[in-house]
Structure formats: structure tokens, C-alpha cells
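Under this note's numbering, think of the first position of the first sequence as 1, with each following residue one higher. Working notes, beginning with the structure itself.
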Amino acid sequence: MPETNDRREQRLEKLGRLHELGIDPYPPRAEHSHTVAQALAAFDANASQPTQVTVVGRLVSLRVMGGSTFCHIADGTGRIQLYLRRDAVGQEDYENFRRLIDLGDHVWATGTLFQTRSGEITVNTSAWRMLSKALRPLPDKWHGLRDVEMRYRQRYLDLIANPTARDIFITRSKIVSAIRHTLDGWGFMEVETPVLQPIYGGAAARPFTTHHNALDQTFYLRIADELYLKRLIVGGLDRVYEIGHNFRNEGISTHHNPEFTVVELYQAYADYEVIMRLVETLYSTVARTVLGTETLSYQGQEIQLTPPWRRVTMRDAILEASGIDIELVRTLPELCTAAESRGLSLASQPNWGKAVEKLFELTVEPSLVQPTFVIDYPVDISPLAKKKPGAPHLVERFEFFIGGLECGNAFTELNDPIDQRERFAAQVAAGAQGDSEAHPMDEDYIAAMEHGMPPTGGLGFGIDRMVMLYTDQVSIREVILFPALRDRGGDWQEAEDSPQEPRS
RNA sequence: GAGCCGUUAGCUCAGAGGUAGAGCCCCUGCCUUUUAAGCAGGUUGUCGCGGGUUCGAUCCCCGCACGGCUCACCA
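Below you can see the structure in the form of C-alpha cells.
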């Protein structure tokens, strides 16, 4: 038997032994009669004949006791115990099992169901086969996989070892499915728009830049779907949505991943009031569908998603939290002075709108635990939203907040092409002043709008943050299967490999 | 980008200025209803990397790398 200590070496030796015995360690098929869950359900203590089952799965525990062995196998539906006796399996196959099997291997087993002395439903195995030999060991059976970096880099190990991780991603899948089902039921049509865009836009963010060789042209990875979806509204697709990734070349944190999943939707002949009702209904419906309740528990706080949600203007929210009435300090210097007198510095902000937004973030945002629509934003930070009648310094826009997290953004869409051109021009000017997140001019988009765009309500919200709320997670990395991490050069794991590794 | 903390066996972690430990894993033997199986025995480390102080550094000092958390920017 193996002389070496290296676990992978030992397993490679067992693999060689299997080949010598004429056993294929990676057979192509895994015929079975029951999933693990089905096998457990098929047991009947009162049956006159024991039930015959053939099951397949990964070996996750092993207790060899001389001529008798207990182990558990697991498939995606659960785990079941196998009982192998030398007498029942036969001398040769039993010894092969003892000598050649390791935790992590996938196996096939057939036998009859019975209950052990302690009552566990178990397969009294009459024959077994190797389905897939594992060359590396599973995570530690006691501690599981705790190393955070390894959990993210080798997510498959996390999924094997940590049921919580598995549950989060199952829930995530159900959330996305429930969103689709709900929107489809409301007459929305799912579409796909370009990820590679010649002009990025639809949000205030820095893009990733790439290059198309044949066209010899610069492309940007989209920072938002918005401008393409609104072209579809012009084209007469009255209710559209897209679920996809946006890419923003900015910092990475527990709340930010460079690529993240967003739902954007647009509804013709609607406004932001309609969208508010849509949001609260969608969030509560998804919660009921996926979690069975409209009440979330997030970081020890109870959050009630049942409509209607609280609505507050940005002006009132800031007034309440800081005592500053932004309508009374309508220039940047005045606002800075007012904030200064309350110990808040807005000095680095380039204009009144951004200063208002900053003031809001500092004084209001963390306190918005229960779902809240904050409405009516400054026009200079909202170049794609329609101005509020009678208050041209504001737009019909809202963001909504749950659990202190900013969850989404929506507005009555700007459909006046003359106004849109002026807004873009102001953004271009801001860009020239050094605002790296300013919106570029998009003539093609304005041309679409000049063909006539109906009054429209639009919405964007992040799936990742929604999943964080619904699964009670603080870090966005816990809800993204493979979060962005610094590259380790690709050979970081090969160092432990044996040089004589057979590569075929 | 800034601050704090961390990096010791395959895993989870202790450790002291004098050359490294525990439990589990793994290996060998016994064991035909076990389930963190048990019993007996055994192997495993450039103590993250590079300098410095010292007779001697894994331990003290400096720098670097990587990671985690917090803050800043952002969804």
C-alpha cells in the first residue's frame, strides 16, 4: 500500500491499482433506480419484502470495522447510509472497497433497504462500483471549510461542505425565477441587449474598456441596460425587462462586486408612481413565493415588506434627520455652510445636487431599515429622468432602501429629446471639469427619442442586494458564486502537485 | 486608496528569544449494526517572503506579499 504521505499521491496509487484490476475509475454512466431522497422515502417497515434500490452518490463518511463497513453517500437530494458486509458483497469486492475507496469518490451501490439498530434507513449493499475516483480530499469533516478565500475561490468545496452556502444559492435561484414569473405574469417581455457597447451610459459610473480586433474599435462593458431598453420602448415593446450583468470599474467591497446582476424594466404609459406600486408588490410577492412570508429577518431586525411602503421626499427626509431644509439653501455654498454648522463637510462636492445626495447618505440612509421610497431627486444627478412639474430643479425619481441598503432606482423617464440633449451637454461639461463618472453624449439615443418616446416609467434594482436581504447576509460575496478576487497567477495550487502526475 | 487584525502539519488551532506541539485527517494492525465508531502503533513542517538586531529569530524590529474586517467611492 501507499508509502507516501501525500494524499494525492496515495489516491493516484489507488487509481493505478484500479486500472490494474481492469476497473474503469471513470465509467460513463451511473444507472440508478432512486435518488437518495427517493430511496429514503421508499423504505417501508411493514413491507413483506425489503425494497430493492440502486443509488449513486459521493462518499462522505466511512467507518470500516473489519468484515463490515458503514458509509454515507450523498447526492443533490440528501445522504443515505450504506452497509457493506464481506459475506454479502464477496471477499474480493469487499477488499477492493476497503483498499481503494476514499472519501470524495463517487460510487454506485445496489441492495435492499433496512433499518439499523439505531433506526437509520440503510442500504444493505450486495454490490458496489466506482463511479469517479477523487484525487484530492474533501474539506475537513469537523470544521468544514472555514477559510473565506478558499470558500470563494473553490466554491464547489464550499457547496459540498457548507449547507448554508448551498441554501443561499438555491434561494437566489428561486428569487430570480420568482421575479421572472411575476413580471411575465404582468405582461412584461424579457429581452437581451448588448453587453458590449460603443458608448456606455445609463448610470454614473466608470466603465471597463475593451477592444474589438476585426472592427478595430473600442467597446465598453455596459454599466446599465437603460438606454437600449428605452430604445425598445420607442420601438413599441411596451413592457420590457432584462436580467443581466452590469460592469463597473470601481472599488470592491462587501457591498460591491465589479460585475453584478441587475433587473431593469420599462413600462410605457406609466410613471414613477406606478413603478413604486410595482416595486412593493414585486418584493412582497417574491418574498411570499420564496420564503413563505413577507417579513424578513435581517441582521436581527424585522423587516416588513407588505405594501404600502413608506414614502418620503428627499427634502423631508433630510429635514427630519438634519434640520436642514434643502429648499431654503439652493446654492452649493449656502448648503455647505448649513451642513458645516452641523459638523458635516460637503466641501468636496461639485454641485448642489451631489451635495444634497451626500448629505442624504450621511444623515438619512443608514436609518432606513423598513422599506422606504425616497422621492424627488435633484436634477443635476439625474440626467435621464423627467423634471417635476413646477419644480424644474427636481426630477420624478425615487430610490428605495431596505435594511439600510440602497436597493434600487427608478424614475419617470425623460422623453423630451431637446431636454435630453441639454442634460447630456451638462454631463459632458461636468466630465470636462473632471467628473470621471459623468455621462457621455449619446446622439444615437437622442435620435431614437426624437422619433417619439411615450411617457414611461423605468426601474433598476440589484439582485445581489435583494438576495443579501432575503438570506440575511452582510457580504455580497456570500451571494455571488464566484466573486471577483485578485488573480493568483493560475499556478497557486499546482505547487503541491506531483511532477510525475499522469496527464492524458 | 487609508486603518486594524491575521499568515505555524492536509484541516482547525496552541506555543516560547535556545531550533516546534495538540486534535482531526492520512498510513499500518485488530474489529461483521457503526454513525465525530473504537483500540494499538506510525508519518508529516524552508513556522507567508526579504532584510535587520542577536552567540542564536518561527518569536523582537523594518519592508513586502496575500487574506479578512472597517472606512472612503459606488448599486
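The beta carbon of each residue, even a glycine, is placed where N, CA and C say it ideally should be.
DSSP on M130, reduced to helix/strand/coil? Along the first sequence, one-based indexing puts residue 130 at 130. Correct three-state label for M130: strand.
With burial defined as no fewer than 16 other Cβ atoms inside 10 Å of the residue's Cβ, what is the status of E3: buried or exposed? In the first sequence, the residue the question calls residue 3 occupies position 3. Below a pLDDT of 50, predicted positions are generally treated as unreliable, and E3, at 39, falls in that range; no measurement from the model is reported.
So, helix, strand or coil for N314, using DSSP? Within the first sequence, numbered from 1, the residue matching residue 314 stands at position 314. As written in the sequence, residue 314 is Met, which differs from the Asn given in the question. Residue state, collapsed to three classes: helix.
Coil, strand or helix - F188 by DSSP: By one-based count along the first sequence, residue 188 stands at place 188. The answer is coil: DSSP assigns F188 none of H, G, I, E or B.
For the ligand SAH, is there any heavy atom lying closer than 7 angstroms to the beta carbon of D184? Annotation note on the ligand SAH: not contained in the displayed structure, which lists no ligands.
Where does S382 land, buried or exposed, given buried means 16+ other C-beta within 10 angstroms? As a first step, residue 382 must be located in the first sequence, where it is residue number 382. It counts as buried.
Give a yes or no on whether the C-beta atoms belonging to I318 and A338 are separated by under 8 angstroms. Here residue 318 corresponds to residue number 318 of the first sequence, with the count starting at 1. Here residue 338 corresponds to residue number 338 of the first sequence, with the count starting at 1. Not closer than 8 angstroms, so no.
Which full runs of the beta strand (DSSP E) of 3+ residues lie inside the segment 50 to 129, going along the chain? 52 to 65, 68 to 75, 78 to 85, 106 to 115
Under 8 angstroms by Cβ, that's how I've got V36 and T69 pegged, so tell me the actual separation to the nearest angstrom. As a first step, residue 36 must be located in the first sequence, where it is residue number 36. As a first step, residue 69 must be located in the first sequence, where it is residue number 69. The Cβ separation is near 18 angstroms, so there is no contact.
Supposed close pair E264, L229 - CB separation, criterion 8 angstroms: Within the first sequence, numbered from 1, the residue matching residue 264 stands at position 264. Within the first sequence, numbered from 1, the residue matching residue 229 stands at position 229. Yes, they are in contact, since the Cβ atoms of E264 and L229 sit about 6 angstroms apart, within 8 angstroms.
Exposed or buried, G111, counting other C-beta atoms within 10 Å across all chains shown (16 or more means buried)? Taking the first sequence and counting its residues from 1, the one referred to as residue 111 is at position 111. Buried, by the Cβ-count rule.
Please give the ranges of any beta strand (DSSP E) in the segment 364 to 444, keeping only runs that are unbroken, at least 3 residues long and fully inside the region. 372 to 378, 391 to 402, 405 to 412
Per-residue burial, R99 [other beta carbons within 10 Å of its own, 16 or more giving buried]: Working through the first sequence from its first residue, we reach residue 99 at position 99. Answer is exposed; the Cβ neighbour count stays below 16.
Touch test, the segment 474 to 483 against the segment 147 to 156, Cβ-Cβ under 8 angstroms, three pairs minimum: yes
Span of the beta strand (DSSP E) around V240: Residue 240 sits at position 240 when you count from the first residue of the first sequence. Taken as a continuous stretch (DSSP letters only), the beta strand (DSSP E) holding V240 covers 239 to 247.
What ranges does the alpha helix (DSSP H) occupy inside the segment 202 to 286, keeping only unbroken runs of at least 4 residues that lie completely in it? 226 to 234
Look at the alpha carbon of R17 and the alpha carbon of R166, and state the distance between them as a whole number of angstroms. As a working note, residue 17 is residue 17 in the first sequence. As a working note, residue 166 is residue 166 in the first sequence. Each residue's Cα considered, the two are about 35 angstroms apart.
Here's the rule I'm using: 16 or more other beta-carbon atoms within 10 Å means buried, otherwise exposed. How should K386 be labelled? As a first step, residue 386 must be located in the first sequence, where it is residue number 386. Classification of K386: buried, given that the 10 Å Cβ count is 16 or more.
When K358, L362, L332, E302 are compared against Q370, the one with the closest alpha-carbon: Walking along the first sequence from the start, residue 370 turns up at place 370. The option with the nearest alpha carbon to Q370 is E302.
Reducing DSSP to helix, strand and coil, say where F461 ends up. Reading the first sequence from its first residue, position 461 is the one you call residue 461. Three-state result, F461: strand.
Going by beta carbon distance, what residues of the same chain come within less than 6 angstroms of K358, once the five residues before and after it are set aside? In the first sequence, the residue the question calls residue 358 occupies position 358. Counting only Cβ-Cβ distances below 6 angstroms, and skipping sequence neighbours, we find L346, Q349.
Delimiting residues of the alpha helix (DSSP H) encompassing E340: Working through the first sequence from its first residue, we reach residue 340 at position 340. Here the alpha helix (DSSP H) through E340 covers 332 to 340.
By DSSP's criteria, T295 is part of a beta bridge. Which residues make up the other side? Walking along the first sequence from the start, residue 295 turns up at place 295. T295 pairs with Q304.
Please report the distance separating the alpha-carbon of I168 from that of I252. As a position in the first sequence, residue 168 is number 168, starting the count at 1. As a position in the first sequence, residue 252 is number 252, starting the count at 1. In a straight line, the C-alpha of I168 is about 21 angstroms away from that of I252.
For I446, which residues from the same chain have a beta carbon less than 8 angstroms from its beta carbon, with the 5 sequence-adjacent residues on both sides left out? Within the first sequence, numbered from 1, the residue matching residue 446 stands at position 446. Hits under 8 angstroms: P417, Q420, R421, F424.
Buried/exposed call for R330, threshold 16 Cβ in 10 Å: Taking the first sequence and counting its residues from 1, one reaches residue 330 at position 330. By the 10 Å Cβ count, R330 comes out exposed.
By DSSP, does G16 sit in helix, in strand, or in coil? As a first step, residue 16 is located in the first sequence; it is residue number 16 there, counting from the start. Three-state DSSP puts G16 in a helix.
Taking only three categories from DSSP, how would you classify T456? Numbered from its first residue, the first sequence carries residue 456 at position 456. Three-state result, T456: strand.
I need the straight-line Cα distance from E13 to A30, nearest angstrom please. Stepping through the first sequence from its first residue, residue 13 is reached at position 13. Stepping through the first sequence from its first residue, residue 30 is reached at position 30. Each residue's Cα considered, the two are about 24 angstroms apart.
Are H439 and A204 closer than 8 angstroms when you measure CB to CB? As a first step, residue 439 is located in the first sequence; it is residue number 439 there, counting from the start. As a first step, residue 204 is located in the first sequence; it is residue number 204 there, counting from the start. Yes, the pair counts as a contact, with Cβ atoms nearer than the cut-off.
Looking at C-beta atoms only, is the number of pairs between the segment 231 to 240 and the segment 267 to 277 that lie closer than 8 angstroms three or more? yes
Assigned exposure category for R117 - 16 Cβ within 10 Å defines buried: Against the first sequence, residue 117 aligns to sequence position 117. Exposed, since its Cβ has fewer than 16 Cβ neighbours within 10 Å.
Please tell me whether I160 and V286 are closer than 8 angstroms, where the distance is taken between their beta carbons. As a position in the first sequence, residue 160 is number 160, starting the count at 1. As a position in the first sequence, residue 286 is number 286, starting the count at 1. Contact: no.
With a cut-off of 8 angstroms on the beta carbons, I'd call L131 and P27 a contact; round off their distance for me. Counting from 1 along the first sequence, the entry for residue 131 is found at position 131. Counting from 1 along the first sequence, the entry for residue 27 is found at position 27. Sure, about 6 angstroms apart at Cβ, within 8 angstroms.
Does the structure place the segment 288 to 303 close enough to the segment 399 to 406 that three or more beta carbon pairs sit under 8 angstroms? yes
Tell me the DSSP bridge mates of Q197? Taking the first sequence and counting its residues from 1, the one referred to as residue 197 is at position 197. Looking at the DSSP assignment, Q197 forms a beta bridge with Y220.
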